[in-house]
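**Student:** Submitted below is the structure of interest, expressed as structure tokens.
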Amino acid sequence: MSQSPSDTLTTADGVPLKVSLRRAVRRSKFKALLLVSPLLAFLIIAFVMPILDMLWRSVDNPEVSTRLSRTVEALEGWDGESLPGEPVFAALVADLREGQEARDLGLLSSRLNYEKSGMRSAISRTARRLGNLEPPYREALIEINDSWGELSTWKLIERESSPYTLSYYLAAMDRQLSPEGEIVKVPDYLEIHVALFWRTFWMSAVITGLTLLLGYPIAYLLANLPLRHSNLLMILVLLPFWTSLLVRTTTWIAILQSQGVLNDMMVAIGVIADEARWQMIHNKTGTIVAMTHILLPFMILPLYSVMKTIPPSYMRAARSLGGKPILSFRRVYFPLTIPGIAAGGILVFILAIGYYITPALVGGQSGRFITNYIAYHMQTSLNWGLAAAIASILLLVVIVFYLVFNRLIGVDKVKLG
Amino acid sequence: MAIPSYATRGERLWHYVFLGLCALIFLFLVGPLLVIIPLSFNAEPYFTFSEAMLRLDPAGYSLRWYEDFFTSSEWLGAIKNSFIIGIASTLLATVLGTLAALGLSSRHMPARGAIMALLISPMIVPLIISAAAMFFFFSKVNLAQTYPGVILAHTALGIPFVVITVTATLSSFDTTLIRAAHSLGANPARTFFKVVLPLVTPGVVSGALFAFITSFDEVVVVLFIAGPEQRTMPIQMWSGIREQISPTILAVATLLVLLSMLLLTTLELLRRRGERLRGVSPG
Amino acid sequence: MKQTHRILRKGTLSAAVALVGMSGLGLSATAQAETLNIVSWGGAYSMSQQKAYHEPWMEMNGDEIVNIDRSGNALAGLRAQSQAGNVTWDLVDMLPADAMIACAEGLIEPLDHDALLADAPDGTPPGEDFVDGALGECFVASIVYSNIVAFNTEMFPEDNQPSTIADVFDLENFPGKRTLLRKPINNLEWALVADGVAPEDVYDVLETEEGIQRAFAKLDTIKDEVIWWEEGAQPPQLLADQEVAFGSAYNGRIFNAMVTENQPFEIIWDAQVFELDGWVVPTGKLDKVKDYLHFATDTQRLADQAKYISYGPARKSSSQFVSTHAETGIEMEPHMPTYGPNFATAIPKDDEFWADYNDELTQRFDAWLAQ
């Protein structure tokens with residue numbers, strides 16, 4: 010399609026309008042990006058890079074490859090059928106000697122001890138006695154510690170000699186590598202993580218269900234009251250939302266514990282005997298009650314904003330067409346609220362599976378979440394690789410739900426307060 | 504929610520049952536917060552109502568836990584830390600977040616959805632994961648156990664709230680007002696200060712309040728990356744609850760409930776002001 | 307005998323005070339007043355350190371000592387600080403098992419004990435004066451403490467009070483809830499002893515799969531009656547509230563509740579698992595804290611600490627100075643883990659065993675709890 014110049018719209022200074030508009034758009038695009046960029050840069054440094062660093066740490070495996078570099082090299086070409094020969098043992102002695110001088114064998118021995126209990130003392134005992142060790146080293150080392158005479162020790166060193174490993178992920182899924190190199194389940198008595206993941210999901214689902222059950226009527230009431238009244242009642246929903254998480258958890262301890270307010274009340278009015286007080290805290294019940302309370306506003310608010318948009322005339326129309334109340338609700342009103350249910354449900358579920366403080370304080374043994382195990386590996390067992398692997402798996406689950414949420418509702422639709 | 508005139512008796516009954524149910528749920532929501540207020544005046548070191556309290560005997564009540572709180576250097580130090588960290592991270596989050604929200608609300612913002620998803624993510628990623636990740640990373644760059652480290656972490660956590668509230672305010676912002684101001688002879692600076700700023704301020708302030716309360720209430724990240732010098736109030740409460748529950752915690756909790764009431768009132772006033780300024784009827 | 311001890315004590319005490327005063331003067335002339343960040347366990351234990359070492363030291367040379375209650379996570383803290391290249395802790399109180407790991411990772415300083423520490427008043431070098439295992443490559447013990455099970459005497463009739471570790475596992479004769487540490491440590495040892503293993507064979511048995519199974523099987527018999535604790539303050543609290551009949555605890559905490567709060571508790575010393583606890587110096591801090599360390603581990607200071615808490619001093623020469631409780635004036639010796647009758651069936655905690663097996667057994671223990 011050809012166009013004569015005279016047909017083209019131009020601005021006052023003679024630039025074609027199209028070009029000028031495009032320029033203006035480009036300029037405002039650039040301006041918008043410029044405004045966002047400081048925050049983007051900040052978040053990338055303070056948030057995204059830490060997360061990437063954690064992901065990297067979950068596969069990072071420097072201990073064997075750097076601290077036993079000579080041994081790893083000497084092990085190349087080993088048949089894996091019988092104990093390695095003297096050169097390998099000599100290399101091990103050289104590596105340990107160097108490590109002992111630099112005093113950095115600790116991480117190596119911890120790393121190997123995760124995979125095979127007993128390696129910590131094997132290495133530290135051996136390192137202490139290196140001073141006056143004479144060749145042949147093979148006999149000498151086996152004499153110091155039996156572990157050096159076991160095939161599995163050498164297979165372990167060979168296996169973990171690569172600078173990256175999947176063994177933290179395997180451990181996080183209660184799996185391990187057999188000496189033959191196959192992925193197998195750990196013995197029953199060591200299975201813990203998978204069960205904790207399931208428990209976290211299952212209890213979060215229960216909590217989500219409860220918040221829906223309790224939140225739906227409230228949202229309905231708020232959406233159908235005149236604004237004057239609903240504003241007042243909305244404050245009752247927002248007050249807990251604005252109150253410190255620790256305060257809310259503390260109140261539940263005060264109410265639910267066996268010498269607490271609720272039990273005292275029950276004893277006072279004779280519902281239960283003094284000796285038979287209910288155990289409502291430091292177990293699943295405690296976690297579920299406290300978390301339902303804490304997360305309830307996150308369910309009510311999205312439900313409310315959806316219900317607010319449903320004209321009351323719909324229900325009236327349904328009724329006037331002869332629908333029974335229950336039927337009209339089920340066929341007309343309820344389907345319209347499904348977006349709100351989805352938004353609130355996913356939001357509550359995502360928040361619930363990541364909760365740490367409340368389960369740690371009121372969950373006792375049976376109300377513990379996988380997050381508590383991340384904290385345990387971070388602070389107590391100091392198996393940071395495993396903590397990173399568990400956290401990465403949890404993060405993946407959260408991201409999947411987040412993307413679903415984003416697709417269904419759109420994060421920019423989230424409203425606060 | 505009036506009962507329609509055509510309602511049957513069954514429906515009327517259901518209506519009242521429904522209201523009763525709602526009342527119970529409201530009790531569940533707010534009751535716990537109200538229970539601890541009288542408990543914090545307990546004269547005994549217990550977490551429950553003593554007989555003297557139930558008899559309304561003045562001897563059963565005392566201010567000793569408040570005294571404990573206000574005379575304890577640990578608690579006071581923790582409050583100071585909470586305010587230092589809270590205010591610094593709020594300022595940072597508000598400035599960065601407001602700028603970004605201005606950009607995001609431009610019609611020509613490229614990749615808006617993806618960028619928004621990224622900016623909101625600190626709110627969605629479980630705190631324990633952020634805390635672990637920041638612990639690893641901040642340790643490497645010498646930020647762990649320092650004030651700047653904690654402030655940066657809390658800024659990241661507060662940003663989503665600022666971005667959400669300010670974008671929401673801007674999306675309801677009527678751009679014709681700017682043109683109107685121009686046409687009436689106001690220069691750009693005057694337009695910004697006299698027209699744009701007053702309309703956007705309520706959103707910015709409520710975003711800032713959200714950011715502040717996020718930092719003020721945050722335990723997990725501080726637990727992981729803070730050193731003993733950065734001990735905040737939530738940390739003090741956390742260790743108090745875990746180790747030895749003393750009613751001092753209830754006194755603190757009561758003060759915090761009062762604080763949240765104060766914040767909530769401020770927010771509500773801001774919201775109304777915003778609506779009035781924009782000409783939306785408060786209803 | 308006791309009489310002479312007391313007289314002796316008085317004499318040496320004043321001599322020691324004079325000596326310390328003099329050395330203190332000498333120190334304050336050379337050293338600038340500093341702030342020392344000292345990490346410890348908190349509660350009554352930190353208080354005893356405060357009274358016995360911190361306060362005299364601060365008075366002597368004007369240093370300020372800041373107590374940080376982080377020993378429970380000391381290893382994690384040391385690692386993080388050393389990674390961050392920003393070590394803020396100057397001296398850390400930790401368990402020898404953790405010290406072994408920290409030492410192997412190069413997080414803490416190796417110590418030349420004879421050069422760093424004070425001789426006993428009679429001139430015995432530290433290497434001979436400290437009890438066995440008290441001086442590790444990077445570690446110097448200050449106390450001997452013990453993990454014991456205590457019970458509330460009011461929960462049982464007077465003619466049927468428990469006395470052995472087997473009674474803790476005997477629900478028939480001694481019913482009621484128990485509270486135990488939510489870790490395999492101590493519990494597995496006690497389960498085996500209750501099941502008939504001799505205290506000295508416990509760790510040999512635990513190194514076998516059958517032994518571990520046997521221990522867990524024994525724990526199974528009381529599992530339903532156990533409330534698991536995690537913070538040291540919990541068991542005395544639970545015992546006092548009569549929420550439990552038995553509780554495992556650190557002996558010092560129970561002693562404190564008995565003596566200062568008059569709680570009706572009694573300690574079952576049978577099969578006590580005792581271990582040492584003491585100081586380590588984060589890498590790079592030795593120059594800063596070595597004068598303090600010298601002071602805080604001398605014979606008199608360790609004896610003084612026993613006035614405030616019932617943990618035994620880690621120096622042999624200190625025991626003769628151990629006297630009475632500072633507040634109540636009761637004789638401390640019978641409350642010490644190392645006191646003869648208490649010590650008869652004691653199990654020394656095997657740090658090397660736990661360094662090797664703690665990770666695996668903790669996971670196994672958690673899995674067992676979750677069943």
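One line per chain: the protein sequences are A, B and C, in this order. According to the working numbering, the first sequence holds residues 10 to 426 in order. According to the working numbering, the second sequence holds residues 504 to 786 in order. According to the working numbering, the third sequence holds residues 307 to 677 in order. Think of the CB as a built atom: it goes at the ideal place given N, C-alpha and C, for glycine as much as any other residue.
Would you mind working out which of GLU547(B), VAL699(B), LEU566(B) sits nearest VAL669(B), comparing C-alpha positions?
**Tutor:** Out of GLU547(B), VAL699(B), LEU566(B), VAL699(B) has the C-alpha closest to the C-alpha of VAL669(B).
**Student:** Helix, strand or coil for GLN356(C), going by three-state DSSP, please let me know.
**Tutor:** Helix at GLN356(C).
**Student:** I want to see whether chain B comes within less than 8 Å of LYS317(A), judged by CB atoms only; does it?
**Tutor:** Output row for LYS317(A): interface = no.
**Student:** Measuring only between beta-carbons, confirm whether TYR198(A) sits less than 8 Å from chain C.
**Tutor:** With 8 Å as the cut-off, TYR198(A) counts as an interface residue toward chain C.
**Student:** What residues in the region 274 to 291 of chain A have a beta carbon less than 7 Å from any beta carbon of chain C?
**Tutor:** Cβ contacts with chain C come from no residue of the region 274 to 291 of chain A.
**Student:** Looking at the C-beta of GLY391(C), does it have a partner C-beta in chain B at a distance below 8 Å?
**Tutor:** So, interface residue.
**Student:** Can you name, in chain order, every residue of its own chain whose Cβ lies under 6 Å from the Cβ of VAL474(C), other than the five neighbours on each side?
**Tutor:** VAL455, PHE552.
**Student:** Give me, in chain order, the residues of the same chain whose beta-carbon lies closer than 6 Å to that of PHE480(C); leave out the 5 immediate sequence neighbours on both sides.
**Tutor:** Only PRO468, ASP473 meet the Cβ criterion.
**Student:** How about ASN545(B): is its C-beta nearer than 8 Å to some C-beta of chain C?
**Tutor:** Not one chain C Cβ lies under 8 Å of ASN545(B).
**Student:** By how many angstroms is the C-alpha of MET366(C) removed from the C-alpha of GLY330(C)?
**Tutor:** Residue confidence for GLY330(C) is low, a pLDDT of 41 falling below 50, so the modelled location carries little weight; the figure read from the coordinates is stated next. About 6 Å.
**Student:** Between the region 103 to 120 of chain A and chain C, which residues of the former have CB atoms less than 8 Å from a CB of the latter, in chain order?
**Tutor:** Residues ALA111, ARG112, ASP113, LEU114, GLY115, LEU116, SER118, SER119.
**Student:** If you count every other CB in all the chains shown that lies within 10 Å of the CB of ASP510(C), and 16 or more means buried, which is it?
**Tutor:** Classification for ASP510(C): exposed.
**Student:** Taking only the alpha-carbon atoms, compute the straight-line gap between SER161(A) and ALA523(C) and give it to the nearest angstrom.
**Tutor:** Spanning the two alpha carbons is a distance of roughly 29 Å.
**Student:** How big is the Cα-Cα spacing for TYR382(A) and ALA100(A)?
**Tutor:** Cα to Cα, TYR382(A) sits roughly 38 Å from ALA100(A).
**Student:** Listed from N- to C-terminal order along the chain, which residues in the region 392 to 420 of chain C have their beta-carbon within a distance smaller than 9 Å of any beta-carbon of chain A?
**Tutor:** Per Cβ criterion, the list reads MET406, ILE407, ALA408, CYS409, ALA410, GLU411, GLY412, LEU413, PRO416.
**Student:** Can you check whether the C-beta of ALA539(C) is within less than 8 Å of a C-beta belonging to chain B?
**Tutor:** Yes, because at least one Cβ of chain B sits closer than 8 Å to the Cβ of ALA539(C).
**Student:** Identify which residue in ARG76(A), GLU90(A), GLY94(A) has its Cα closest to the Cα of ALA83(A).
**Tutor:** Minimum Cα distance to ALA83(A) is reached at GLY94(A).
**Student:** Going along chain C, which residues have a C-beta under 7 Å from GLN648(B)?
**Tutor:** Under the 7 Å cutoff, chain C gives GLN387, ALA390, ASN392, THR394.
**Student:** If I measure Cβ to Cβ from GLY23(A) and keep anything under 8 Å in the same chain, skipping five residues before and after, which residues do I get?
**Tutor:** There are no such residues.
**Student:** Exposed or buried, what is PRO785(B) when buried is set at 16 or more other beta-carbons lying within 10 Å of its beta-carbon?
**Tutor:** The predicted position of PRO785(B) is uncertain, since its pLDDT is 38 and thus under 50; a value taken from the coordinates is nonetheless stated next. By the neighbour-count rule (16 or more Cβ atoms within 10 Å), PRO785(B) is not buried but exposed.
**Student:** Does the pairing of the region 547 to 563 of chain B with the region 262 to 272 of chain A give three or more beta-carbon distances under 8 Å?
**Tutor:** As far as the Cβ criterion goes, the region 547 to 563 of chain B touches the region 262 to 272 of chain A, which means the pair count is three or higher.
**Student:** Under 7 Å between beta-carbons, which chain A residues line up against VAL760(B)? List them in chain order, please.
**Tutor:** Under the 7 Å cutoff, chain A gives THR252, VAL256.
**Student:** Determine, for PRO731(B), whether the minimum Cβ-Cβ distance to residues of chain C falls below 8 Å.
**Tutor:** Interface residue, yes.
**Student:** Tell me the rounded alpha-carbon separation between ALA563(C) and GLN569(C).
**Tutor:** Straight-line Cα distance between these residues: approximately 6 Å.
**Student:** Are the beta-carbon atoms belonging to GLU581(C) and LYS655(C) less than 8 Å from one another?
**Tutor:** It is a contact, given that the beta carbons lie within the stated cut-off.
**Student:** What's the gap between the Cα of LEU356(A) and the Cα of ALA55(A)?
**Tutor:** Taking the straight line joining both Cα atoms gives about 24 Å.
**Student:** Per DSSP, TYR198(A) is paired with what?
**Tutor:** Paired residues: none, contrary to the question.
**Student:** Does DSSP put ASN154(A) in a helix, a strand or coil?
**Tutor:** Three-state DSSP puts ASN154(A) in coil, outside helix and strand.
**Student:** Within 10 Å of its beta-carbon, does PHE39(A) have 16 or more other beta-carbons around it, so buried, or fewer, so exposed?
**Tutor:** It is exposed - the Cβ of PHE39(A) has fewer than 16 other Cβ atoms within 10 Å.
**Student:** Leaving out five residues on either side along the sequence, give the residues of the same chain with a beta carbon under 6 Å from the beta carbon of GLY777(B).
**Tutor:** So the qualifying residues of the chain are PRO705.
**Student:** Is the CB of MET328(C) under 8 Å away from at least one CB in chain A?
**Tutor:** Low confidence applies here, because MET328(C) scores a pLDDT of 40, under 50, leaving its location unreliable; read the following figure in that light. No, because no Cβ of chain A sits closer than 8 Å to the Cβ of MET328(C).
**Student:** Would a check of beta-carbon distances place ARG484(C) closer than 8 Å to chain A?
**Tutor:** Answer no: the Cβ-Cβ gap between ARG484(C) and chain A never drops below 8 Å.
**Student:** In whole angstroms, what is the alpha-carbon distance linking SER390(A) and THR672(B)?
**Tutor:** Those two C-alpha atoms are separated by around 47 Å.
**Student:** Give me, in chain order, the residues of the same chain whose beta-carbon lies closer than 6 Å to that of PHE358(A); leave out the 5 immediate sequence neighbours on both sides.
**Tutor:** The residues are SER213, THR217.
**Student:** Report yes if the CB atom of VAL665(B) is closer than 8 Å to the CB atom of GLY710(B), and no otherwise.
**Tutor:** Cβ distance < 8 Å, so VAL665(B) and GLY710(B) count as in contact.
**Student:** Inspect the beta-carbon positions of PRO535(B) and ARG257(A) and report whether they are closer than 8 Å.
**Tutor:** Their beta carbons are under 8 Å apart, which means PRO535(B) touches ARG257(A) by this criterion.
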